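Encoded as structure tokens, the structure appears first; notes follow it.
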Amino acid sequence: MRFGGNVHQFNQIFPQEKVYLQFDNTAYFQGETIWFKAFAVKASHLERSQSSVLYVELLSPNGVLLQRQKLKLIAGQCDGCIKLVDSMTEQARSLISSKPYPSGYYEVRAYTRNMLNFHDDLCFSRVFPVYEDAPEGAYRFASVLENSKSWLGSYRPKEAKKNTVNIEFFPEGGSLIFKQQCNVAFKVTDANGAPLDGILEIEKEADANGRKITASTEHDGMGSFVITPAFSHIQAQFEYDGKRTKISLPKTESSGYSIITDCTDNDSVNIAIYRTADCREDTIGMAVSCRGELVSFSIVPIRALKKQVSVSAEDWPIGVCQLCLFTRSGKILAYRSLFHTNMEFEPPKFRLAANRQVFNPLDSISLKLNLSYKGEPLQDRFALSVRDAQDYGTLYSDNLLTNLLLSSDLKGFIRNPEYYFESNDSVHRRAADLLMLVQGWKRYDWEFSSSDKSFAEKYRMEDSLAVNGWIRKNNGTPLKDINVMIAISPEEEITVELGKYKTEDIGYFGFNTKDFYGNATLSMRLTEDNRKKAVPKAKMILERAMLPKTRSFDGIEKMLANSHKKAYMQLEVLDSRPDTAVGQMLQNYMLPDVDISEKVKYLDYFTFKAFNVQDDVEMTLDLGENTTDLIGYLLDKGYTMFVMSAIPDSIGKEFDSNRNTEKIAYSDGTFIDGFPVFWYLHTQSASAYEPGVIPWSINTEHIKSMIVYDDPVTIREVSNEVPLFIEAINRHNNIEVQNYMRGNESQKKYYLVDVRLKESYQYPSAAELNTGTRITTLKGFNHPVQFYSPQYPDGPIEGQPKDYRRTLYWNPNVITDSLGYAEV
């Protein structure tokens, strides 16, 4: 019984958490705002989470982290919004202001720091289509535009290539065992991951009982069959749409245990256990857990090659359960997931009534809402969204109930999760059992929670804002008993918070801080006992840099719910500009066909990439890594760089004013994609840099931001089209230089790289360059934002002559009274 006690103790010490986000809409258009309500709970009993900090992130189609928010969890709930507008850098905004993100498929993910102790797959994640801008509310004509040129590089793993017909097999318990009855589930999908229906056949020679096996898909491409394997390698054929596909079953093991579970009775589970003769355990343990908490434990005597066991399920909670068979030493013999529907479970009921049935445009609508639980009024809070009935979203249909009780405990996308809660009849229970067999996984690791296998907690539970990290030598060795002293100065407050922590054996330090909103200056200093000077050659690694791994998309996640919207444009290479030029206009207008004699130059995602070098440097330092020079930074961003020499060519000659050399532009033997680079270096106050400095050798710690123009251009285009370079030309009294830059003498093309340097007083000091001192920006909680909800007919409409919002009302905290009523 020590295993059962270990499971309970593990959950008390290392509780797991779940996060679910409810959104105001199912899809979004360029420039819109994503509104959301977050729920965070302890996984075991779905109580409010202990964590007080929630991280919500927006990732681009290719996996670039675009936005990251810290939200304050109060009683396990919080709310916020993400604007689908790229403010980029101050440098880029000065050219084109803020701009909507390009159309494509974006990911919103959310997690508490505690969740990262277990597995990155535990993070809440959802893929949203972002449609092209729809002028004047013409949403029905919009499409999702996937354009690989909109983003530089790829940080998201590619989707696994799939065949037209894909078949996967899942032996119950984990393995096919030679000459032992085995239940095998299978799942059939198309190239996008959508289910296919058909018939699976296995020749009778493959079964030890000499029977031909035929099985049909039963629900969402899933089915199962029982086989007694006669060979180590078994072939099957699947017939779909009149065509046959051959596929191999998993390799048969010569020794081990197999199980066949009967879940048709809701009050009990019957398990047939089979084993080979060389497995000599006289007793085995059998445990059932739900969301990591033990709900059933027994010792099973097993002296024959087959054992039948029945387990009562009356007291099990509703949700995904895990059945595990194991030896005295804790070795797992068989493992599978089960879905249990507790007959006593009843979700709250919700009723809605409007003040009338017919409404005119701009009418005020009054909605009365009532919440009850088991016939009694329920005083609670919930999120309410009133939106356009037209659905532009994907096949995703999770809600709070289906996510917390089903989807969050399984791996992969689940079609129509609400189906498994519609009824508790044999048909729905059978479908749920198939789902458990093909998508169940070990979210709650039995070996960690039950035995003496060590569990390394990487991140502590954040019950407040915190500064956590590790102090290590350059070779990675932890530094013990080092004094970490910090000072936190919030921008919006006049108080300064001080702290001191002595590192532990692994070099760890951790501070809880007072709540604050916005940014603060964080000053850190390391000292040894009885010494005031900083510790040399020490790396400060901050926990905030530890992000979940970026996952790949599954094709089915991007399938759109409406059939007429399933076809989307796929553009991999663009030689010309899009049909609509945005520039700084408020709206898009389609132009009639015209003959273009020269390319139109306008600034958008297709003309330059803006990089926040300063933020990237902070991330590098947080990881305890060394910063690089400018060329190393561009290489990291995916550019193909080549350095031929550091000798300037003709355009790199000194541009002088009264013979006072001041290099502001270079082409110094560096190349991007085979084209020479034209560097422009400036600060906010001056368009110059120290003479004689090679641009690409500048350390990124001196750089604030940078713009790299996408297409090579001639110097004439530089002078005529890019305002920053006009300033560079006009600064010089040398007519020869001005004529050269404005003239047609050179048709040579250059890649333009516009680098904004920090002001000199912002350069890191000698003390900061010593790794025992660090000054950085610490982000606090994001400020709450109220939903824009004007009063008509005379209310304001932001930024446009008409209001085309598709979400008309969003309230993340509708609160019912003691009688269960609320009115909006």
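If you count the sequence shown from 1, position 146 lands on 573 in the numbering used here, and the numbers rise without skipping. Each residue gets a CB set at the ideal place from its N, CA and C atoms; glycine is no exception. Here the structure is a predicted model, which means the values were calculated and not measured.
With a CB to CB cut of under 7 Å and the five nearest residues on each side skipped, what residues in its chain are close to residue i?
i       : result
SER681  : PHE605
GLU920  : PHE943
GLY1247 : ASN797, LEU798, SER799, PRO804, LEU805, GLN806
THR754  : GLU708, ILE711, LEU760
SER1187 : none
VAL491  : TRP578, TYR582
Confirm, please, whether the CB-CB distance from residue j to residue i is below 8 Å.
i       : j       : result
ASP451  : THR1047 : no
GLY867  : GLY620  : no
PRO748  : VAL722  : Sequence inspection shows Cys at residue 748; the Pro mentioned does not correspond to that position. Yes, the pair counts as a contact, with Cβ atoms nearer than the cut-off.
GLN457  : TYR533  : no
ILE971  : THR1200 : According to the sequence provided, residue 971 is Arg. The question's Ile does not apply to it. No. Outside cutoff.
ARG540  : GLY503  : no
LYS1109 : TYR1190 : Position check: residue 1109 holds His in this sequence, whereas Lys was assumed. No, Cβ-Cβ distance for HIS1109 and TYR1190 is not below 8 Å.
LEU627  : PHE652  : yes
THR641  : GLY625  : no
GLU599  : LEU864  : yes
VAL1180 : VAL1070 : no
Relative to the C-alpha of residue i, which residue among the options is closest?
i       : options                           : result
GLU771  : GLY746, PRO788, ALA781, LEU750    : GLY746
GLY820  : THR948, ARG475, TYR566, LEU760    : TYR566
LYS976  : HIS546, VAL727, THR1200           : HIS546
GLY937  : LEU969, ASN787, LYS1229           : LEU969
ASN1209 : PHE1038, ALA947, LEU549, THR1054  : ALA947
TYR1215 : GLU459, ALA657, LEU974            : GLU459
GLU632  : GLN662, PHE613, GLY648            : GLN662
ILE629  : THR453, LEU676, LEU623, SER552    : LEU676
SER929  : THR922, GLY945, PRO905            : One point to set straight first is that residue 929 is Lys, not Ser, in the sequence displayed. It is PRO905.
SER521  : ARG1183, ARG842, SER850, PRO1217  : ARG1183
ASP790  : GLY601, THR1243, GLN1218, TYR1231 : GLN1218
GLU1052 : MET967, TYR1136, LEU974, ALA714   : MET967
Measuring straight from C-alpha to C-alpha, what distance separates residue i and residue j?
i       : j       : result
ASN830  : LEU861  : 18 Å
ASN910  : SER695  : 58 Å
HIS767  : ILE654  : 26 Å
THR1007 : SER530  : Here the model assigns THR1007 a pLDDT of 27, short of 50, so the residue's position is not dependable and the matter cannot be decided.
TRP1123 : PRO917  : 35 Å
LEU822  : PRO774  : 24 Å
ASP1043 : LYS445  : 30 Å
ASN769  : PRO744  : 6 Å
ARG978  : ALA470  : 22 Å
ASN438  : HIS472  : 11 Å
GLU563  : ILE1099 : 41 Å
ILE1074 : ILE1125 : Interpretation of ILE1074 is limited by its pLDDT of 40, a score under 50 that renders its predicted location unreliable; no figure is taken from the coordinates.
LYS801  : LEU549  : 32 Å
ASP852  : PHE1038 : 56 Å
VAL480  : THR691  : 42 Å
ALA1194 : ILE933  : 25 Å
ASP1230 : VAL813  : 15 Å
GLY945  : ILE509  : 16 Å
SER1132 : LEU1061 : 12 Å
Short of 6 Å in beta carbon distance, which residues of its chain neighbour residue i, apart from the five on each side in sequence? Order them along the chain.
i       : result
GLN997  : Any reading at GLN997 needs caution, since the residue's pLDDT is 33, under 50, leaving its predicted position unreliable; the model's value is listed next. GLU573, listed in sequence order.
PRO844  : ASP825, THR829, LEU833, SER834
GLN607  : SER685, TYR701
LEU543  : TYR886
GLY683  : SER602, ILE604
THR672  : VAL592, PHE665
ARG1232 : none
ILE729  : ILE711
GLU1172 : Below a pLDDT of 50, predicted positions are generally treated as unreliable, and GLU1172, at 47, falls in that range; the measurement from the model is reported next regardless. Excluding sequence neighbours, GLU1172 sits near nothing in its chain.
Would you verify that the beta carbon of residue i is, or is not, closer than 8 Å to some beta carbon of chain D?
i      : result
TYR762 : Judged by its chain identifiers, the structure shown contains no chain D, having just a single protein chain.
Return the bridge partner residues of residue i from the DSSP annotation.
i       : result
GLU1186 : Partner(s): none; GLU1186 has no beta bridge.
TYR935  : TRP897
ASN374  : Within the shown structure, residues of the chain are numbered from 428 to 1251, placing residue 374 beyond reach of any answer.
PRO527  : VAL512
GLY867  : LEU837
ILE745  : ILE745 is not bridged to any residue.
LEU752  : MET713, ALA761
Counting only the same chain and skipping the five closest in sequence on each side, list residues whose C-beta sits under 8 Å from that of residue i.
i       : result
ASP506  : TRP462, PHE463, LYS464, ALA465, LEU498, ALA810, PRO1211, PRO1239, ASN1240
SER659  : PHE605, LYS678, THR679, SER681
GLU1045 : THR1203, THR1204
MET1012 : Confidence at MET1012 is low in this model, with a pLDDT of 27, below 50, so the placement of that residue should be treated as unreliable; the coordinate-derived value is given next. Excluding residues within five positions, none has a Cβ falling inside 8 Å.
GLU1250 : SER793, LEU794, LYS795, LEU796
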